[in-house]
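The next block holds one structure in the form of structure tokens; read it before the comments.
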Amino acid sequence: MTLDTLSTHKTALIRKFENRTALVGVVGLGYVGLPLAVEKAKVGFKVLGFDRNATRVAEINLGVNYIEDVKDEELRDLVLEGHLLEATSEWGRLTAMDAVVICVPTPLTRNLTPDLQFVETVTREVARRLRPGQFICLESTSYPGTTEEVIKPILESTGLREGEDFHLAFSPERVDPGNKRYTTKNTSKVVGAACPASLEVALSFYRQTILEVIPVSSARIAEMVKVFENTFRAVNIALVNELAMLCDRMGMDVWEALDAAGTKPFGIMPFYPGPGVGGHCIPLDPHYLEWKAREYGFNTRFIALAGEINRRMPEFVVGKAMRLLSDHGLGLKSARVLALGMAYKKDVDDARESPSAEVLSLLQARGARVEYHDPHVPRFGAGGTELRSVALDAETLDRADLVIILTDHTDVDYACVVRHAHLVLDTRNATRGLVCDREKVVLL
Ligand code: SAJ
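In the working numbering, the protein residues as written are 12 to 455.
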């Protein structure tokens with residue numbers, strides 16, 4: 012490959028990004044991929060979304076949205092009017108793509124080690140269709156080294172060379188599901204690449220749709236940035252969870268202490284205790300770094316400890332519920348418990364990895380009769396049975412011996428809950444500010 016061919020590919024790609032004629036492929040149409048695909052189509056790129064889920068593909072091609080952070084009418088117009096966004100399950104169409112962004116899940120195995128099966132499977136599909144002049148970017152969160160040590164060898168097994176025939180980069184997604192203020196477009200984006208030419212290509216790609224794009228010196232640094240960001244959250248959430256358990260032991264109000272600490276105008280950031288840590292990122296991503304660190308003989312104790320404390324919270328909540336019922340002459344066995352909130356955090360409809368599920372199964376294991384209400388999660392599968400969200404009304408509240416608030420959705424009338432409930436365990440301080448019937452409420 013001569014230098015001018017190298018610069019030809021790079022120049023051609025950058026030109027196609029700048030004049031929006033590049034064909035953009037997004038693999039994985041979930042809470043990261045679909046918003047990215049929409050943002051690219053909105054500025055005029057023809058975008059082809061790839062997903063193995065035929066239902067998702069069919070819904071998108073009908074202009075039907077299934078991601079809360081995507082505006083229904085935007086998706087519908089881009090698909091049905093502008094014909095700028097289409098979905099497919101045909102991997103063969105990857106060949107035509109000028110840019111391919113990989114946004115598939117990176118879960119953990121049962122013993123908390125990285126599970127790259129989805130990333131590797133997709134990368135092999137991309138490799139089968141790889142051609143000179145393509146730009147490939149991984150957005151899935153993974154340990155520092157994944158792009159260089161896993162993705163690049165699969166792609167170069169085709170005989171094509173990174174930085175000459177194709178360009179490879181890593182840019183971590185920073186989607187905060189449910190966040191109305193920070194979206195894909197206005198959240199700054201870190202980009203690292205396998206070589207300087209590829210970095211130029213990657214920066215040009217992202218600068219077409221994202222306001223602030225931040226280059227770093229390598230894909231490894233970009234990967235490290237992401238796992239650090241989520242480790243930072245996991246450790247700080249664990250810190251306040253541990254404080255909540257200590258304050259319970261000391262008979263103190265952890266929420267009052269945290270609110271007062273939050274008045275410090277510098278050097279502190281709000282984190283709050285809860286029933287555990289859910290979602291597809293915070294409980295998982297730090298263990299990618301923990302696993303990689305062991306390769307260097309390094310024991311990341313903060314990550315392990317944070318995971319241990321956060322995983323202990325569901326049990327702590329159930330223990331507190333048992334004590335609360337006992338103080339009122341009731342036992343958990345055969346008690347009627349209404350759980351408010353199945354989603355892993357407020358104002359989202361996602362119940363995957365939700366601590367609420369763990370709390371419910373622990374309650375049921377101790378003989379409690381459990382119902383749940385969640386305006387965002389109409390039904391939930393747990394241990395082979397499916398629970399459906401019950402109506403939140405005076406009758407439902409009255410028949411519960413205990414109401415446990417597990418997710419502090421905005422669109423729940425907590426004054427009504429406290430008014431009609433007999434006893435409330437509030438693990439999110441959702442009843443903050445309520446004055447009436449306070450005697451019924453116990454905070455985590
Ligand atoms: N949680 C607490 N206390 C807190 C904050 C969170 O108990 O003070 C719990 C939440 O209820 C939830 C879990 O932790 O169950 C994770 O919440 P989260 O908002 O930190 O995590 P995600 O997965 O919804 O979104 C995060 C992003 N969140 C923020 O930066 C605010 C960000 O870390 C990533 O961009 C994103 O994960 C990702 O995809 O990595």
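Heads up, the beta-carbon is just placed ideally off N, CA and C, and yes, glycines get one too.
Rank the options by C-alpha distance to the C-alpha of residue i and give the top, closest one.
| i | options | result |
| --- | --- | --- |
| Glu131 | Leu166, Ala368, Leu123, Gly144 | Leu166 |
| Asn122 | Thr19, Leu295, Val38 | Leu295 |
| Tyr299 | Pro284, Pro281, Gly289, Gly318 | Gly318 |
| Thr99 | Thr66, Met280, Leu210, Ala405 | Thr66 |
| Leu398 | Ala405, Thr407, Leu413, Glu382 | Glu382 |
| Glu240 | Asp358, His20, Val81, Tyr154 | Tyr154 |
| Asp270 | Ala426, Gly278, Tyr283 | Tyr283 |
| Val212 | Thr19, Ala441, Arg410 | Thr19 |
| Arg140 | Trp102, Lys163, Val112 | Trp102 |
| Leu73 | Lys451, Glu85, Val90 | Val90 |
| Leu341 | Ser372, Phe313, Leu413 | Leu413 |
| Thr311 | Ala249, His339, Thr242, Gln375 | Thr242 |
| Glu160 | Phe216, Glu234, Phe146 | Glu234 |
| Gly285 | Val359, Ala33, Leu455 | Leu455 |
| Leu316 | Val37, Val328, Gly392, Glu301 | Glu301 |
| Arg142 | Cys114, Leu119, Asp126, Leu179 | Leu179 |
| Val348 | Glu326, Leu95, Leu408, Gly395 | Leu408 |
| Phe181 | Asn197, Asn190, Lys163 | Lys163 |
| Gly392 | Leu24, Leu119, Ser367, Asn30 | Ser367 |
| Val112 | Leu86, Gln145, Gly93, Pro125 | Gln145 |
| Gln375 | Thr418, Gly273, Met333 | Met333 |
| Arg430 | Leu403, His420, Thr418, Leu417 | Leu403 |
| Leu417 | Leu47, Thr194, Gly352 | Gly352 |
| His420 | Leu222, Val115, Glu92, Ala354 | Ala354 |
| Glu150 | Lys196, Ala230, Leu119 | Ala230 |
| Ala208 | Lys53, Phe313, Glu173, Leu47 | Glu173 |
Per DSSP, what are the beta-bridge partners of residue i in this structure?
| i | result |
| --- | --- |
| Ile147 | Val111, Leu179 |
| Met60 | Residue identity check: residue 60 is Gly in the sequence provided, not Met. Answer is Val37, Ala98. |
| Leu349 | Glu382, Val414 |
| Phe309 | None; Phe309 has no bridge partner. |
| Leu398 | Phe391 |
| Ala204 | Ala180 |
| Glu173 | Phe177 |
| Val224 | Lys200 |
| Pro366 | Paired residue(s): none; Pro366 is not in a bridge. |
| Asp419 | In DSSP, Asp419 forms no bridge with anything. |
| Leu454 | Asp437 |
| Pro460 | Lying outside 12 to 455, the shown extent of the chain, residue 460 is not represented and no answer is given. |
Classify residue i as buried or exposed, calling it buried when 16 or more other Cβ atoms lie within 10 Å of its own Cβ.
| i | result |
| --- | --- |
| Glu306 | exposed |
| Arg449 | exposed |
| Ser168 | exposed |
| Met261 | exposed |
| Val446 | exposed |
| Pro134 | Here residue 134 turns out to be Thr, not Pro, going by the sequence shown. Counting Cβ neighbours within 10 Å, Thr134 comes out buried, since at least 16 surround it. |
| Cys258 | buried |
| Lys252 | Checking the sequence shown, residue 252 turns out to be Asn, not Lys. Under this definition Asn252 is a buried residue. |
| Leu214 | buried |
| Asp422 | exposed |
| Lys27 | buried |
| Gln128 | exposed |
| Phe277 | exposed |
| Ser199 | exposed |
| Pro281 | exposed |
| Asn440 | buried |
| Thr22 | exposed |
| Thr220 | buried |
| Arg192 | exposed |
| Met12 | At Met12, the pLDDT of 48 sits below 50, so the modelled position is not reliable; the number obtained from the coordinates is stated separately. Exposed, since its Cβ has fewer than 16 Cβ neighbours within 10 Å. |
| Asp176 | buried |
| Arg410 | exposed |
| Leu24 | buried |
Whole-angstrom Cβ separation of residue i and residue j, contact assumed at under 8 Å?
| i | j | result |
| --- | --- | --- |
| Leu436 | Lys331 | 6 Å |
| Ile415 | Val453 | In fact, because the Cβ distance is near 10 Å, the residues do not count as touching under 8 Å. |
| Ala322 | Gly287 | Inspection of the sequence shows that residue 322 is occupied by Arg rather than by Ala. At roughly 7 Å, the Cβ-Cβ gap stays under 8 Å, so Arg322 and Gly287 are in contact. |
| Pro183 | Val201 | 6 Å |
| Arg104 | Leu59 | 6 Å |
| Val35 | Ala110 | 5 Å |
| Arg377 | Lys356 | Actually they do not touch by this definition, with Cβ atoms about 25 Å apart. |
| Arg363 | His291 | 6 Å |
| Asp152 | Val238 | Reading off the sequence, residue 152 comes out as Thr, not Asp. Indeed, because the Cβ distance is near 7 Å, the residues count as touching under 8 Å. |
| Leu45 | Val81 | 6 Å |
| Ala379 | Ala346 | 5 Å |
| Gly273 | Ile232 | Their Cβ separation, rounded to whole angstroms, is 32 Å, which puts Gly273 and Ile232 out of contact at 8 Å. |
Give a single yes or no on whether residue i has its beta carbon closer than 7 Å to a heavy atom of the ligand NAP.
| i | result |
| --- | --- |
| Pro386 | The model depicted lacks the ligand NAP and carries the ligand SAJ instead. |
Quick check on the DSSP output: what are the complete beta strand (DSSP E) runs of length 3 or more inside the region 241 to 295, in order along the chain? none
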